[in-house]
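Take 5 as the starting number for the sequence shown in this note's numbering and just add one per residue.
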Amino acid sequence: MKNKLILIFISIFVLINFCSKKGEIALDAKSYLDSLTRIVEPVYKNMNLSYWNATVTGENNYYKEYSNYSLQYKRILSSKRDFEIIKKFRNSIEIKDRILKRTFDLLYREFLVNQADTNLVKQITELSSKVEQKFNTFRGKIDGKPVSGNDIKKILKSSNDLELRRKAWDASKQVGDIVANDVIKLVKLRNKLANSLGFDNYFYLMLFIQEFEPGQLDRLFDQLDEHTREPFIELKKELDAYLAKRFGIKEDELRPYHYSDPFFQEAPDIYNVNLNELYADKDIIILASKFYKSIGMDVSKILARSDLYEREGKYPHAYCTHIDRRGDVRIMVNVVPSEYWMNTILHELGHAVYEVYIDKRLPFFLIDPSHSFITEAVAMFFGRLSKNPVWIKEALCVEVSILNEIFTNVKNMLKAEQLIFSRWTQVMYRFEKELYSNPDQDLNSLWWELVRKYQMVHPIEGRNKPDWATKIHICSYPVYYHNYMLGEILASQFLFALMRQKGIESVSGMKFFGNKELGNFFIKKVFRSGKLYRWDELIKIATGTELNAKYFVNEFCK
5 MKNKLILIFI SIFVLINFCS KKGEIALDAK SYLDSLTRIV EPVYKNMNLS YWNATVTGEN
65 NYYKEYSNYS LQYKRILSSK RDFEIIKKFR NSIEIKDRIL KRTFDLLYRE FLVNQADTNL
125 VKQITELSSK VEQKFNTFRG KIDGKPVSGN DIKKILKSSN DLELRRKAWD ASKQVGDIVA
185 NDVIKLVKLR NKLANSLGFD NYFYLMLFIQ EFEPGQLDRL FDQLDEHTRE PFIELKKELD
245 AYLAKRFGIK EDELRPYHYS DPFFQEAPDI YNVNLNELYA DKDIIILASK FYKSIGMDVS
305 KILARSDLYE REGKYPHAYC THIDRRGDVR IMVNVVPSEY WMNTILHELG HAVYEVYIDK
365 RLPFFLIDPS HSFITEAVAM FFGRLSKNPV WIKEALCVEV SILNEIFTNV KNMLKAEQLI
425 FSRWTQVMYR FEKELYSNPD QDLNSLWWEL VRKYQMVHPI EGRNKPDWAT KIHICSYPVY
485 YHNYMLGEIL ASQFLFALMR QKGIESVSGM KFFGNKELGN FFIKKVFRSG KLYRWDELIK
545 IATGTELNAK YFVNEFCK
């Protein structure tokens with residue numbers, strides 16, 4: 005309550021000054037930012053710290069604490085009085101300072117989405133939580149017996165029993181009937197919120213919040229479609245021939261349940277690559293630490309603050325957090341010696357070094373990566389190294405004869421993984437755009453039209469089920485999936501920028517371990533400026549060109 009009163013007082017004071025001292029607007033703007041920072045910073049820090057403690061321990065009291073701080077943070081962002089001040093400063097022609105202008109533009113976007121009617125926001129939050137709970141508690145059934153998501157994945161990856169595969173795939177889709185109507189209601193409520201803020205629908209609101217221009221993503225995904233279509237057709241022929249032979253059927257008889265996951269977003273293991281044995285007897289934490297140190301990035305303090313190994317009650321996945329935006333950066337992982345966790349530790353430390361090397365002299369609100377997909381691109385760049393033959397040779401001192409034996413299969417596996425994922429993201433991006441444009445259309449048919457067009461998977465004849473509703477991201481992470489693909493594209497663009505800087509023509513000629521220029525590239529051209537530049541400006545500064553899918557295509561499709 006005390007913080008709220010202070011913020012109201014500051015808001016009124018600044019608003020009066022804004023109206024009466026036009027010549028001192030820049031000073032007023034800086035004073036307001038300092039005051040807002042003093043209110044936001046402790047709440048932000050406590051929110052992140054309580055979430056960290058909750059995921060480390062699994063204790064309910066920390067989750068409750070996190071919920072309370074999240075609510076406090078949301079209340080600050082929903083202040084209409086402060087939004088008006090931020091809007092005035094953002095639109096002021098008297099503010100010339102780049103840092104101030106950028107800060108107020110970002111604050112405007114962050115506050116905007118919280119300005120809708122509180123009852124409407126409450127409805128959206130409650131319905132979203134209700135649907136998420138259904139997702140989390142629902143178990144599909146095979147022959148009346150409940151099965152977990154892991155059970156389904158295991159069957160689709162390894163079973164040759166066609167009837168069981170079909171039942172497992174169907175079990176993965178049964179949740180659609182349970183949640184579809186609520187998801188459509190949620191979409192309509194989100195559209196209502198977007199309309200109240202002056203946007204055609206929620207899709208375009210989210211693009212604005214994420215600093216994308218209308219049509220920008222369409223052009224990029226069209227470009228990606230054009231350049232990946234033919235390589236994907238070739239890969240799909242190879243994959244379908246393999247699967248048809250495996251299951252003893254004709255290629256035109258292949259259906260969704262013949263692929264190795266419920267959405268055909270992952271590459272089936274057709275190249276017999278097992279990199280786990282290379283990492284089985286290695287301390288991958290030490291490996292990762294040595295690598296980052298070799299390129300001029302010290303991660304020892306990050307690792308000392310982090311939680312690295314499996315433990316009962318602990319969060320089972322991985323993430324990176326910057327607790328206070330002042331340098332307290334940590335990663336959460338559950339490391340065991342394997343290629344998966346080598347990838348993950350390199351990936352999460354990629355996020356972490358980005359946060360650590362942002363210039364802390366920037367305003368609090370700019371001490372953050374330029375965009376969520378840019379920090380993903382950095383993490384993907386480093387995470388990919390766990391499968392990179394050059395890095396494996398450098399880091400593990402693997403004999404050339406062993407590398408030569410696995411090189412072709414690893415290259416084919418990476419190509420398959422990236423191509424298949426790129427085609428899957430086409431479906432997600434285009435479906436969400438159409439979903440928010442018209443939630444009353446035949447969504448079941450729309451989904452399978454897109455799957456057929458971009459993934460080239462034939463639907464099951466006569467099926468009319470809400471299979472689209474079984475992807476939890478549509479409910480829980482709306483209009484975000486495209487960022488994963490943009491991260492993959494930019495990771496490749498970073499690689500080619502580094503190669504161009506060194507005059508290297510082939511990907512296989514790029515060195516990683518001990519490459520100080522690699523570290524300097526990221527620290528100076530990507531990390532240091534934080535959120536000072538828009539994502540498209542930063543990419544031009546760092547790589548010399550606009551974001552372009554051709555680098556991804558050159559790395560994985562040729």
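Built from N, CA and C at the ideal position, the CB exists for glycine as well.
- Query: Just reading off the alpha helix (DSSP H) that arginine 169 is part of, what are its end residues?
  - Reply: Numbered from its first residue, the sequence shown carries residue 169 at position 165. Counting along the chain, arginine 169 sits inside the alpha helix (DSSP H) bounded by residues 166-177.
- Query: Just reading off the beta strand (DSSP E) that arginine 330 is part of, what are its end residues?
  - Reply: To locate residue 330, count along the sequence shown from 1; it is residue 326. From DSSP, arginine 330 is part of no beta strand (DSSP E); its letter is neither H nor E.
- Message: So, for arginine 532: in the same chain, excluding its five sequence neighbours on each side, which residues have a beta-carbon less than 7 Å away from its beta-carbon?
- Response: Translated into the one-based positions of the sequence shown, residue 532 becomes position 528. Around arginine 532, the same chain offers Tyr361, Ile362, Asp363 as residues with beta carbons nearer than 7 Å, after the five sequence neighbours per side are excluded.
- Query: Would serine 293 pass as a contact of glutamate 343 if the rule is Cβ separation under 9 Å?
  - Reply: On the sequence shown, position 289 is the one that residue 293 refers to. On the sequence shown, position 339 is the one that residue 343 refers to. No, they are not a contact pair.
- In the structure shown, what three-state DSSP assignment does tyrosine 323 receive? The residue you call residue 323 lines up with position 319 of the sequence shown. Strand.
- Quick one: Cα of isoleucine 81 to Cα of glycine 507, how far? The residue given as residue 81 occupies position 77 in the sequence shown. The residue given as residue 507 occupies position 503 in the sequence shown. Residue identity check: residue 81 is leucine in the sequence provided, not isoleucine. Distance between the alpha carbons of leucine 81 and glycine 507: 48 Å.
- List the whole-angstrom C-beta distance separating alanine 553 from leucine 224, where the pair is believed to meet the contact cut-off of C-beta under 8 Å. As a position in the sequence shown, residue 553 is number 549, starting the count at 1. As a position in the sequence shown, residue 224 is number 220, starting the count at 1. Separation of the CB atoms of alanine 553 and leucine 224 is rounded to 6 Å, and the pair is thereby assigned contact status at 8 Å.
- Item | Among Ala501, Val303, Val47, Ala120, the one whose alpha carbon lies nearest that of leucine 572 | No statement about residue 572 is possible, as the shown extent of the chain runs from 5 to 562 and does not include it.
- Rounded to whole angstroms, how far is the Cβ of alanine 473 from the Cβ of alanine 184, which I believe are closer than 8 Å? Working through the sequence shown from its first residue, we reach residue 473 at position 469. Working through the sequence shown from its first residue, we reach residue 184 at position 180. Sure, about 4 Å apart at Cβ, within 8 Å.
- Task: Name the residue from Gln497, Phe516, Ile128 whose alpha carbon lies nearest to the alpha carbon of glutamate 550.
- Result: The residue labelled residue 550 in the question sits at position 546 within the sequence shown. The shortest Cα separation from glutamate 550 among Gln497, Phe516, Ile128 belongs to Gln497.
- Message: With DSSP as the reference, identify every bridge partner of aspartate 311, one or two as the case may be.
- Response: Along the sequence shown, read from residue 1 onward, the residue named residue 311 stands at position 307. Bridge partners of aspartate 311: Met336.
- Message: I need the DSSP call for lysine 145, collapsed to helix, strand or coil.
- Response: On the sequence shown, position 141 is the one that residue 145 refers to. Under the three-state reduction of DSSP output, lysine 145 falls in the strand class.
- Query: What's the call for arginine 565, buried or exposed, on a 16-neighbour Cβ count within 10 Å?
  - Reply: In this structure the chain extends from 5 to 562, so residue 565 is not present and cannot be described.
- Which same chain residues, not among the five before or five after tryptophan 173, have their C-beta less than 8 Å away from its C-beta? Mapped onto the sequence shown, residue 173 falls at position 169. Counting only Cβ-Cβ distances below 8 Å, and skipping sequence neighbours, we find Ile156, Leu160, Pro260, Tyr261, Pro266.
- Query: In three-state terms, what does DSSP make of proline 373?
  - Reply: Within the sequence shown, the letter at position 369 stands for residue 373. DSSP places proline 373 in coil when its eight states are reduced to three.
- Item | Integer Cβ distance of glycine 354 from valine 382, believed to fall under 8 Å | In the sequence shown, the residue the question calls residue 354 occupies position 350. In the sequence shown, the residue the question calls residue 382 occupies position 378. Their Cβ separation, rounded to whole angstroms, is 5 Å, which keeps glycine 354 and valine 382 in contact under 8 Å.
- Message: If I follow the unbroken alpha helix (DSSP H) through leucine 37, where does it start and stop?
- Response: If you number the sequence shown from 1, residue 37 lands on position 33. Note, leucine 37: alpha helix (DSSP H), 29-61.
- Message: Can you tell me whether serine 310 is buried or exposed? The criterion is at least 16 other CB atoms within 10 Å of its CB, across all chains shown.
- Response: Here the question's residue 310 lines up with position 306 in the sequence shown. Within a 10 Å sphere around the beta-carbon of serine 310 sit 16 or more other beta-carbons, which makes this residue buried.
- Message: Can you tell me whether lysine 6 is helix, strand or coil according to DSSP?
- Response: The residue labelled residue 6 in the question sits at position 2 within the sequence shown. With a pLDDT of 46 at lysine 6, under the threshold of 50, the modelled position of this residue cannot be trusted, and the question is left open.
- What are the boundary residues of the alpha helix (DSSP H) that asparagine 448 is part of? On the sequence shown, position 444 is the one that residue 448 refers to. Residues 447-454.
- 9 Å Cβ cutoff met for histidine 375 and leucine 542: As a first step, residue 375 must be located in the sequence shown, where it is residue number 371. As a first step, residue 542 must be located in the sequence shown, where it is residue number 538. Contact flag set, yes.
- Output the distance between the C-alpha atoms of proline 393 and arginine 143, rounded to the nearest integer angstrom. As a first step, residue 393 must be located in the sequence shown, where it is residue number 389. As a first step, residue 143 must be located in the sequence shown, where it is residue number 139. One alpha carbon belongs to proline 393, the other to arginine 143, and they sit about 40 Å apart.
- Query: Who are proline 150's beta bridge partners in DSSP?
  - Reply: On the sequence shown, residue 150 is found 146 positions in, with the first residue counted as 1. DSSP, once it has assigned bridges, lists Lys145 as partnering proline 150.
- Query: Just to confirm, are leucine 499 and glutamate 559 a CB contact at a threshold of 9 Å?
  - Reply: Here residue 499 is taken as the residue at index 495 of the sequence shown, counted from 1. Here residue 559 is taken as the residue at index 555 of the sequence shown, counted from 1. Contact: yes.
- Message: Let's test the definition: count the other Cβ atoms within 10 Å of the Cβ of asparagine 52 and tell me whether it reaches 16, buried, or not, exposed.
- Response: Start at 1 with the first residue of the sequence shown, and residue 52 comes out as number 48. Buried is the call here.
- Message: Buried or exposed, going by whether 16 or more other CB atoms sit within 10 Å of the CB of serine 264?
- Response: Taking the sequence shown and counting its residues from 1, one reaches residue 264 at position 260. Here serine 264 is buried: its Cβ has 16 or more other Cβ atoms, across all protein chains shown, within 10 Å.
- Task: Tell me, please, whether the region 204-220 touches the region 479-490 by the rule of three or more beta-carbon pairs shorter than 8 Å.
- Result: Touching, yes.
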